[in-house]
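Scroll down for the structure; my scribbles are underneath it.
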Amino acid sequence: MSESASEEPAPAAEQRLINRFFDLWERLAGDRPLPALRNFTSDDLVPFKPFSVVIDLQQGYDQPIIRHVGSAIVAVMGQDFKGRRTEEVPRRSILSRITDHLYEVLANRSPVGFEAHYTDQSGQDIPYRGILAPLSDDGETINFILAAINWRGAPAWQQPSGPDLGEALAVLRERVAGAGRARNALYDVLADVYGFYRTGQQVQADYQRLLRDHGIRAQARAPFTAALKLAFGTDYDKTRLTEYAAAMNFAHRQGLDRDAFLAALHDTPGGLKALVRAERAVRGGRDGAAPGRMERTLAELTPCAIVDDWRTAPGDGNDYVVILARQSDPGANQLALLDALPARPGDLRRFVRKGNRP
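Just add 101 to wherever you are in the sequence shown, counting from 1, and you've got the working numbering.
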């Protein structure tokens with residue numbers, strides 16, 4: 102992390118904010134040059150959101166747009182600059198140095214920390230500290246800048262009382278709204294909802310209050326459904342909510358945390374539907390504790406043939422199907438494919454036992 106020359110040492114609490122933010126950015130980047138905005142979960146953002154700024158560079162580096170300003174910063178500024186150009190930010194304000202360092206981040210392609218002073222609404226000169234971090238959807242092109250700032254006398258950061266579920270839910274709903282129908286985005290959101298539920302269990306009173314405020318009743322036999330309704334809305338397709346809840350139940354049964362659940366969604370052959378089948382097998386009294394074994398075996402079977410144009414195949418691309426075919430000529434090695442039906446668990450187990458035997 103590069104850092105501009107400081108005017109005076111930062112207090113320890115303000116330094117901790119910067120270190121914590123940088124550590125989070127570095128962890129999410131992993132082996133990639135840059136993390137993406139979507140990699141930041143609602144749990145990750147809860148402590149930073151009141152002190153954060155998101156700058157959108159998707160329209161070009163010469164047209165930066167402010168997409169989010171944290172509530173604590175809005176209180177200091179006296180107005181919300183969300184949706185406005187960075188050039189509209191008043192000089193000597195708490196936001197001004199963020200815009201000053203914007204191009205330094207673009208040049209360095211790494212987080213930039215700084216210390217500065219701003220003039221508050223009473224005319225006082227207040228020291229503060231900040232950090233800007235580049236984000237990229239493809240690991241190369243910087244399309245967002247995420248910044249966090251803190252100042253002497255800033256509320257709540259130095260001694261947080263616990264997770265703010267209201268803030269977390271707001272972030273979560275934004276991610277749900279922006280996820281679209283892409284599989285990876287859905288998996289990220291489901292992992293976030295799962296993490297949100299786990300956080301809620303640590304602050305039960307706040308979680309129950311959120312449910313009451315949104316008119317949602319939690320049921321002991323379906324604990325994840327309530328959290329899903331908070332995130333996706335009570336009008337969301339109930340069949341899909343039931344599937345999502347089943348996958349989360351499986352993760353909970355296996356003792357998975359948020360990141361492990363996300364890995365299971367991505368790494369298990371069959372993804373979400375495989376976890377749903379495993380959970381339903383457990384509830385049906387069958388052995389569903391090892392979905393990976395059956396799914397891996399199926400995935401390792403050598404294809405007998407590849408059909409390029411199969412217009413009537415059911416499912417969404419993740420399901421196995423049973424093909425109905427007719428031998429077109431007793432003396433020829435040809436099959437006429439007639440139809441396909443979604444494969445039931447019993448069908449899959451028979452294929453696993455049979456393997457590739459002729």
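Positions of the beta carbon are idealized from the N, C-alpha and C atoms, including for glycine. Since we're looking at a predicted model, the values are computed, not measured.
In the DSSP assignment, GLY214 falls within the unbroken beta strand (DSSP E) covering 213-220. Apart from sequence neighbours up to five positions away, the residues of its chain that approach TYR337 with a beta-carbon distance below 8 Å are LEU329 and LYS330, ordered along the chain. ASP226 sits in a strand when the DSSP states are folded into three classes. Shown here, ILE317 sits in coil according to DSSP, grouped into three states, outside any helix or strand.
Cβ-Cβ separation between ILE424 and ALA441: approximately 5 Å, consistent with a contact (criterion under 8 Å). Note that the region 150-159 touches the region 241-248; at least 3 beta-carbon pairs, one per stretch, sit closer than 8 Å. The three-state secondary structure of PHE149, taken from DSSP, is coil. Shown here for ARG274: same chain residues with a beta carbon closer than 7 Å to its own, the five before and five after excluded, namely ALA332 in chain order.
At a Cβ-Cβ threshold of 7 Å, SER153 and ALA269 do not count as neighbours. DSSP, reduced to helix, strand and coil, places HIS169 within a strand of the structure shown.
Contact check for VAL272 and LEU233: beta-carbon distance about 19 Å, past the 8 Å limit, so the pair fails to qualify. Taking the Cα positions, PRO151 is about 42 Å away from ARG384. In the DSSP annotation of this structure, PHE141 is not part of any beta strand (DSSP E), being labelled neither H nor E. DSSP places ILE232 in the strand class (E or B) of the three-state scheme. Excluding sequence positions up to five before and after PRO324, its CB lies less than 6 Å from no other CB in the same chain.
Non-local C-beta neighbours of ARG427 in its own chain, meaning closer than 8 Å and more than five positions away in sequence, comprise LEU436, ALA437 and LEU439, ordered along the chain.
In this structure LEU342 does not touch THR300 by the C-beta definition: roughly 20 Å separates them, more than the 8 Å allowed. DSSP lists no beta-bridge partner residue for ASP163. Its Cα nearest to that of GLY214, the residue ILE119 stands out among ILE119, ASP360, ALA382 and MET178.
When the beta-carbon positions are compared, ASP293 and THR187 stay at least 7 Å from each other. The C-alpha of ASP358 lies about 20 Å from the C-alpha of ARG322. Here LEU196 is actually not in contact with TYR288; their C-beta atoms are around 35 Å apart, not less than 8 Å. Per DSSP, reduced to three states, the secondary structure at VAL423 is strand. Three or more pairs of CB atoms, one per stretch, sit closer than 8 Å, so the region 348-358 contacts the region 366-381. Looking at HIS353, GLU344 and LEU363, the one whose alpha-carbon comes closest to that of VAL377 is GLU344.
In the three-state reduction of the DSSP assignment, LEU442 falls in the strand class, which pools E and B.
Bounds of the alpha helix (DSSP H) holding ALA332 are 324-333. Per DSSP, PHE182 lies in no alpha helix (DSSP H) and is assigned neither H nor E. The residue among GLY296, VAL304 and GLU380 with its C-alpha nearest the C-alpha of PHE362 is GLY296.
Between ASP238 and ALA130 a beta carbon distance of about 13 Å is seen, past the 8 Å cut, so the two are scored as non-contacting.
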